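A.B. asks: Residue numbers (the UniProt record's numbering): 1 to 164.
Backbone N, C-alpha and C fix where the C-beta goes; we use that ideal spot for every residue, glycine too.
All figures in this text were calculated on a predicted structure; none of them were measured in a lab.
#1: Enumerate in chain order the residues of its own chain whose CB-to-CB distance from residue 162 is below 7 Å, with the five nearest sequence positions on each side excluded.
#2: Could you tell me the alpha carbon to alpha carbon distance between residue 80 and residue 110, rounded to whole angstroms?
#3: Determine the direct distance from the alpha carbon of residue 103 to that of residue 136, and round the result to whole angstroms.
#4: Taking the alpha-carbon of residue 143 as reference, which of 101, 114, 78 has the nearest alpha-carbon?
#5: Return the first residue and the last residue of the alpha helix (DSSP H) that residue 56 is part of.
#6: When the Cα atoms are used, what is the spatial distance from residue 33 to residue 113?
#7: Residue 43 by DSSP, collapsed to three states: which one?
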């Protein structure tokens, strides 16, 4: 008998704006945290808590991590991903964008976030959290479900565009 996939859900919020050189997204550089320290990631993201919807979690994270309220969320996509098969590595992520909110984004958790920065969508900083770079590449594509990290499923690092 096979084991069931153990779901660890998380919500991500990508704040978007039109910059002088094209569309920009607000990213955070992760601070001295256990998961991917120093990598660039969504400015607001976190686990969905028991009894909470993915939308509610996204709004809560925008408030807790950036001090923002009335975030006008648009659902972008859901990603089912794995990073090796341990239960903690089995994830379902909900990605949202927002172009309207109340407040000025600011680092509200300096122990977890080194900085926040507006970055051009076509010139993301390095290193990026890999599954988030993939999600950002799909914004506006109409894709609603993607998988990441499963054997045989191309990722940005393994997709050869049809080349042998």
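C.D. replies: Concretely, from the data shown:
#1: Low confidence applies to residue 162: its pLDDT is 36, below 50, so where it sits in the model is not reliable enough to give any reading.
#2: Answer to the nearest angstrom: the Cα atoms are 29 Å apart.
#3: 24 Å
#4: 78
#5: 54-66
#6: Cα to Cα, the separation comes out at about 9 Å.
#7: coil
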